[in-house]
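Numbering-wise, the sequence shown is residues 1 to 116 according to the working numbering.
Some notes on the structure that comes next.
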Amino acid sequence: MSAGIFNLTECNAIEQGSDFSFSLIYKDSSGNPVDLTSATITAQIKQDWNTSTLASFTITKHSPATDGYIKVSLPASASVAIPPSRYRYDIRISLSGGVTHIIKGFCDIIESVTLS
């Protein structure tokens with residue numbers, strides 16, 4: 001199954017120098033939450049797919065991790081270092097059954113007037 005698309009643009013854009021987060025529940029094809037207890041989850045922002053990483057999101061699994069709940073966040077200290085522009089991001093889950101990219105999309109970093 002290919003990754004879903006969730007663009008972090010317009011009203012979902014990341015404001016430079018601000019904390020940012022969103023949450024999701026990862027479910028299987030039957031609609032049941034996936035047990036993420038042993039999962040390794042990573043998410044990165046890049047200029048393009050084949051370029052170096054600009055920032056990595058912090059991933060927090062809910063406790064218990066059996067409910068598939070994931071919080072994806074980027075602290076202000078990381079967003080302030082990214083120049084305003086349009087980038088790409090994705091979220092990757094590695095479980096015993098393999099590696100899956102669950103979400104991908106564009107990611108806008110919008111400028112902030114006050115950065116102190």
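Virtual Cβ for every residue (Gly too), placed ideally from N, Cα, C.
According to DSSP, what are the bridge partners of residue i?
i: E10; result: Its beta-bridge partners do not exist; DSSP assigns none.
i: T100; result: I93
i: P33; result: K27
i: I110; result: E15
i: I5; result: K104
Would the beta-carbon of residue i fall within 7 Å of that of residue j?
i: A3; j: I103; result: yes
i: A39; j: I91; result: no
i: A78; j: A55; result: yes
i: G98; j: F6; result: no
i: I82; j: I59; result: no
i: Q47; j: Y87; result: yes
i: V80; j: F57; result: no
i: E15; j: S85; result: no
i: F22; j: L74; result: no
Let me see if you follow: with CB-CB separation under 7 Å, is residue i close to chain C or not?
i: V113; result: No chain C is present in this structure, which holds just one protein chain.
Can you tell me where the alpha helix (DSSP H) holding residue i begins and where it ends?
i: S79; result: A76 to S79
Pull up the CB-CB distance for residue i and residue j, whole angstroms please, since I reckon it's below 8 Å.
i: A65; j: D28; result: The pair is not a contact, with the Cβ atoms about 15 Å apart (cut-off 8 Å).
i: Y69; j: I41; result: In fact, because the Cβ distance is near 11 Å, the residues do not count as touching under 8 Å.
I'd like to confirm something about residue i: is its beta-carbon nearer than 6 Å to some heavy atom of the ligand COA, or not?
i: K61; result: Among the ligands in the structure shown, none appear at all, so the ligand COA cannot be discussed.
For a minimum of 3 consecutive residues, which ranges assigned as the beta strand (DSSP E) are wholly contained in the segment 37-71?
40-46, 53-56 and 58-61
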